[in-house]
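Here the structure comes first, spelled out in structure tokens, and everything after it is commentary.
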Amino acid sequence: MHNEGVEVLKQIYNHLADEKSREIFENRVLYSITNKPEFIQNIVLEIPEGQEFFSRLKKASSETELVIFGAGFWGTSIISATKDYAWKCFIDNNPKTKIHEEIPVLSFTDFMKNYNGETIVVSSRIHYVEMYQQLIDNGISEKSIINAGELIDLLSKKQYFDLEAMTPACEGEVFVDVGAFDGKTSLEFFGWCNGNGFVYAFEPDGKNQQKLSSNLEQDQVPYEIVPKGAWSEKTTLYFEEKSNGTSCITDTVSERNVFEIPVTTLDEVFKNTDRIATFVKMDIEGSELEALKGARGLIEEHRPKLAISIYHKDEDIWELPKLILKYKSDYKFYLRHYSLTSAETVLYAI
Numbered sequence: 230m231h232n233e234g235v236e237v238l239k240q241i242y243n244h245l246a247d248e249k250s251r252e253i254f255e256n257r258v259l260y261s262i263t264n265k266p267e268f269i270q271n272i273v274l275e276i277p278e279g280q281e282f283f284s285r286l287k288k289a290s291s292e293t294e295l296v297i298f299g300a301g302f303w304g305t306s307i308i309s310a311t312k313d314y315a316w317k318c319f320i321d322n323n324p325k326t327k328i329h330e331e332i333p334v335l336s337f338t339d340f341m342k343n344y345n346g347e348t349i350v351v352s353s354r355i356h357y358v359e360m361y362q363q364l365i366d367n368g369i370s371e372k373s374i375i376n377a378g379e380l381i382d383l384l385s386k387k388q389y390f391d392l393e394a395m396t397p398a399c400e401g402e403v404f405v406d407v408g409a410f411d412g413k414t415s416l417e418f419f420g421w422c423n424g425n426g427f428v429y430a431f432e433p434d435g436k437n438q439q440k441l442s443s444n445l446e447q448d449q450v451p452y453e454i455v456p457k458g459a460w461s462e463k464t465t466l467y468f469e470e471k472s473n474g475t476s477c478i479t480d481t482v483s484e485r486n487v488f489e490i491p492v493t494t495l496d497e498v499f500k501n502t503d504r505i506a507t508f509v510k511m512d513i514e515g516s517e518l519e520a521l522k523g524a525r526g527l528i529e530e531h532r533p534k535l536a537i538s539i540y541h542k543d544e545d546i547w548e549l550p551k552l553i554l555k556y557k558s559d560y561k562f563y564l565r566h567y568s569l570t571s572a573e574t575v576l577y578a579i
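In my numbering, each residue's number is its place in the sequence shown (first place is 1) plus 229.
And the structure:
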């Protein structure tokens, strides 16, 4: 690594405020360089949910074959984080392929015809209750089920607001939810600040906007939806609409559900409002660097608290804190991890 790169890593390391953050940083840097799953496991094994998952997985793998229920995002992520385990197959209620991640994919019905005592890992964070019940209703013993989806959901409910060093301002908070999805994070924010806050929700996905409005209005959260993507400049970009938490900016225009959307900068949005952002959260599937560039004025002038997803790209672990320190060199950093896989590592800047 060039001297400049080493100096960047040193600078970031010296701004990390506690030992937990330093351990996560070291392991994420090594994972970015090597792509070896043991570095993610080192991080996951420091959290109680991770200890429970890997303890049960290790025991089960010594006694039975392993199967993962759900071939979607979380199932794929679990496979990537456990490449040192032998997986017999995926099972899925709506299989879209016969092979995924070099592992056979079976329909639930076909799998049950030949069930032979395998341990089944439920992967979905959204549908784990129904999937668990489906297994029970089909005669699978509780002892043969590892409900990873439930553990992932428990972790997600802690995300962004569990850092003891970060407390709500007495005068109220203005929360910028960049990648608001269905509004659940904004609801958690409103509880964290004891109802003394306002939400600006960036969400370009039209279907997600409907869920977002419904959820925030139901809990009487004051909000404004910004129906655009966050970027480094005002322009239009291609956007893959998935109507879930993984909709994203894309260069591929041949895919289904790809549309042009307007994008803007946080600086532009807050130039036209009397409110001052006090807390910015970003989880936008790899566009965080560009969105931070578009928040330069906000960061330099008002120094909001930041909670930034730092796992979508290998280089995020150093490029994002490097840029933040360029704009405001007195931030202290914390890193925390909220999943059983490589996803959901958050950089806090306070």
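Ideal Cβ positions, reconstructed from N, Cα and C, are used throughout, including at glycine.
{"query": "Which whole-angstrom value describes the C-beta separation of residue 428 and residue 415, a residue pair presumed to lie in contact below a C-beta threshold of 8 Å?", "result": "5 Å"}
{"query": "Determine the contact status of residue 568 and residue 369, defining contact as a CB-CB distance below 8 Å.", "result": "no"}
{"query": "Round the Cβ separation of residue 328 and residue 308 to the nearest angstrom and send it over; I've been treating them as touching at under 8 Å.", "result": "No, residue 328 and residue 308 are not in contact; Cβ-Cβ is about 12 Å, not under 8 Å."}
{"query": "Going straight from the alpha carbon of residue 290 to that of residue 268, what length do you get?", "result": "20 Å"}
{"query": "When you measure from the CB of residue 504 to every non-hydrogen atom of the ligand ATP, does any distance come out below 7 Å?", "result": "No copy of the ligand ATP occurs in the structure displayed, which carries no ligand at all."}
{"query": "Can you tell me whether DSSP reads residue 329 as helix, strand or coil?", "result": "strand"}
{"query": "Over the uninterrupted alpha helix (DSSP H) stretch that includes residue 305, give me the two end residues.", "result": "302–310"}
{"query": "What do you get for residue 318, buried or exposed, if any count of 16 or more other CB atoms within 10 angstroms of its CB means buried?", "result": "buried"}
{"query": "Would you kindly report the start and end of the unbroken beta strand (DSSP E) that includes residue 360?", "result": "Per DSSP, residue 360 belongs to no beta strand (DSSP E); it is in the alpha helix (DSSP H), 357–366."}
{"query": "Would you check if the region 537–554 and the region 508–521 touch, i.e. whether three or more CB-CB distances between them fall below 8 Å?", "result": "yes"}
{"query": "Starting from the Cα of residue 301, find the closest Cα among 323, 421 and 344 and give me that residue.", "result": "323"}
{"query": "Taking 8 Å as the threshold, find out whether the region 391–405 comes into contact with the region 492–507 through three or more Cβ pairs.", "result": "yes"}
{"query": "Would you kindly work out how many angstroms separate the C-alpha atoms of residue 440 and residue 456, rounded to a whole number?", "result": "13 Å"}
{"query": "DSSP puts residue 490 in a beta bridge; with which residues?", "result": "466"}
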